[in-house]
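K.L.:
Position one of the sequence shown corresponds to residue 109 (the numbering used here), numbered consecutively onward. Just so you know, even glycine gets a beta-carbon here, dropped at the ideal spot from N, CA and C. For clarity, every value in this text was computed on a predicted model and none was experimentally measured.
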Amino acid sequence: MTSVRAVLIDIDGVLTVSWEPLPGAVEALREIRAAGLGVALVTNTTSRTRASIAGTLAEAGFPVAAEDILTAPAVTAAYLAEHFPGARCALLNSGDVGEDLAGVSLVDDDPDVVVLGGAGEEFGYAALNRAFGHLQRGARLVAMHRNLYWRTEDGLQLDAGAFLSGLEQAARTEAVVTGKPSRAFFASALARLGVGADEAVMVGDDVESDVLAAQAAGVTGVLVRTGKFLPETLRDASGTPDHVIDSFADVPGLLRAWSAQE
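(1) How many whole angstroms separate the CB atoms of V183 and A308, which I take to be in contact at a CB cut-off of 8 Å?
(2) Would you mind listing the alpha helix (DSSP H) stretches within the region 168–231 that are 4+ residues and don't spill past its ends, in chain order?
(3) How about R333 and D354: are their beta carbons less than 8 Å apart?
(4) For D208 and T157, which I take to be in contact (beta-carbon distance under 8 Å), what is that distance rounded to the nearest angstrom?
(5) Helix, strand or coil, according to DSSP, for D318 in the structure here?
(6) Express the C-alpha separation of V327 and R364 in angstroms, rounding to a whole number.
(7) Who are the Cβ neighbours of T341 in its own chain at under 6 Å, not counting the five residues just before and after it?
(8) For G228, which residues in the same chain have their Cβ closer than 6 Å to its Cβ, ignoring the five residues on either side in sequence?
(9) Identify the residues that DSSP records as bridge partners of Y257: which are they?
(10) Go ahead and label V215 buried or exposed: buried means 16 or more other beta carbons lie within 10 angstroms of its beta carbon, across all protein chains shown.
(11) Return the chain-ordered ranges of every alpha helix (DSSP H) run that is complete within the region 281–306 and spans a minimum of 4 residues.
(12) Closer than 6 Å by C-beta to D358: which residues in its own chain qualify, once you throw out the five before and the five after it? Chain order, please.
(13) Within a Cβ cutoff of 6 Å, which residues of the same chain sit near V352, ignoring the five residues on either side of it in sequence?
(14) Using the C-alpha atoms, what's the distance from F231 back to G269?
(15) For A189, which residues of its own chain have a beta-carbon under 8 Å away from its beta-carbon, when the five flanking residues on both sides are left out?
(16) Could you check whether L224 and L243 sit closer than 8 Å to each other, using their CB atoms as the reference points?
(17) Which complete alpha helix (DSSP H) runs does the region 110–158 hold, if anything under 4 residues is left out?
(18) In terms of residues, what are the limits of the beta strand (DSSP E) holding R343?
(19) Given a cut-off of 8 Å on the beta-carbon distance, is the pair T151 and D120 in contact?
(20) Applying the criterion that 16 or more other CB atoms from any shown protein chain within 10 Å of the CB defines a buried residue, is T348 buried or exposed?
What follows is the structure, encoded as structure tokens:
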């Protein structure tokens, strides 16, 4: 494993589904760690904080800590601090990520920015219409991601991207997306690991937001046939993944094969 210095890994659908480890995922991550490679778990998950995610994964046997995890809420907080310092922000999100939004001023009325996180029961008509009203009055729109759906133990579930598209069209605005597929998101992960794009691999189950977005940022993309993967989404994708494998359990073997070719 000498040709690659770091592995960026999506969590939901790659390492776990409904926070239960996928077959071989724990062992594969341990092998990657043992090879001395840098690891960053890059996720659009907006229902849990970095600390909560790390705790759940560690309990399942994954060798990870909070500092290994880069979440869309954490990147969003950094973006807001840089581009909208002191702004009043209205958050529409399912789950408590307040810890990862430290420093962001959250309000219910008259926001300067509407921040859209992950979808859940909170995304009812009243909440979406209230966000629409804020946007009509001039608030800016920032979205943590554009994911249309994700996979749980109950199957595919609708996510915030479906609602985001409607808000953008109705309010005649375009959101700034801070999580994947934002190039800045991948750049932040690479900077944390101290590696260049050509020294990293991204493993994900979303062909567009995970894999092709990483490839656009210069990172080698690996698509797994788990999680939200569907054959038709691969067929209709806007590009071609560098590699397609069955699951994360196959990643160490893929890395060894690359090393052997050098």
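P.N.:
Once the coordinates are examined:
(1) Along the sequence shown, one-based indexing puts residue 183 at 75. Along the sequence shown, one-based indexing puts residue 308 at 200. About 17 Å separates the two Cβ atoms, so there is no contact after all.
(2) Runs found: 180–191.
(3) As a first step, residue 333 is located in the sequence shown; it is residue number 225 there, counting from the start. As a first step, residue 354 is located in the sequence shown; it is residue number 246 there, counting from the start. In this structure, D354 lies closer than 8 Å to R333 by Cβ.
(4) The residue labelled residue 208 in the question sits at position 100 within the sequence shown. The residue labelled residue 157 in the question sits at position 49 within the sequence shown. Their Cβ separation, rounded to whole angstroms, is 5 Å, which keeps D208 and T157 in contact under 8 Å.
(5) As a position in the sequence shown, residue 318 is number 210, starting the count at 1. In the structure shown, D318 sits in a helix (DSSP, three-state: H, G or I).
(6) Position 256 of the sequence shown, counted from the start, is the residue given in the question as residue 364. Position 219 of the sequence shown, counted from the start, is the residue given in the question as residue 327. Near 18 Å, if we compare the C-alpha coordinates of V327 and R364.
(7) For this step, residue 341 is matched to residue 233 along the sequence shown. Excluding residues within five positions, the ones whose Cβ falls inside 6 Å are V315.
(8) By 1-based counting over the sequence shown, the position of residue 228 is 120. S202.
(9) Mapped onto the sequence shown, residue 257 falls at position 149. Looking at the DSSP assignment, Y257 forms a beta bridge with L266.
(10) The residue labelled residue 215 in the question sits at position 107 within the sequence shown. When all chains shown are included, V215 counts as exposed.
(11) If we require 4 residues or more, the alpha helix (DSSP H) runs fully inside the region 281–306 come out as 291–301.
(12) Taking the first residue of the sequence shown as 1, we reach residue 358 at position 250. Hits under 6 Å: none found.
(13) Start at 1 with the first residue of the sequence shown, and residue 352 comes out as number 244. Only L331 meet the Cβ criterion.
(14) Along the sequence shown, one-based indexing puts residue 269 at 161. Along the sequence shown, one-based indexing puts residue 231 at 123. C-alpha separation (whole angstroms): 12 Å.
(15) Sequence index remark: in the sequence shown, residue 189 carries index 81 (1-based). Hits under 8 Å: G211, V212.
(16) What you label residue 243 is simply residue 135 of the sequence shown in a count that begins at 1. What you label residue 224 is simply residue 116 of the sequence shown in a count that begins at 1. Result no, Cβ atoms of L243 and L224 do not sit closer than 8 Å.
(17) Under the rule that a run must span 4 or more residues, the alpha helix (DSSP H) segments found entirely inside the region 110–158 read 133–142.
(18) Translated into the one-based positions of the sequence shown, residue 343 becomes position 235. R343 -> not in any beta strand (DSSP E); alpha helix (DSSP H) instead, spanning 339–343.
(19) Here residue 151 is taken as the residue at index 43 of the sequence shown, counted from 1. Here residue 120 is taken as the residue at index 12 of the sequence shown, counted from 1. A contact, by the Cβ cut-off of 8 Å.
(20) Position 240 of the sequence shown, counted from the start, is the residue given in the question as residue 348. Classification for T348: exposed.
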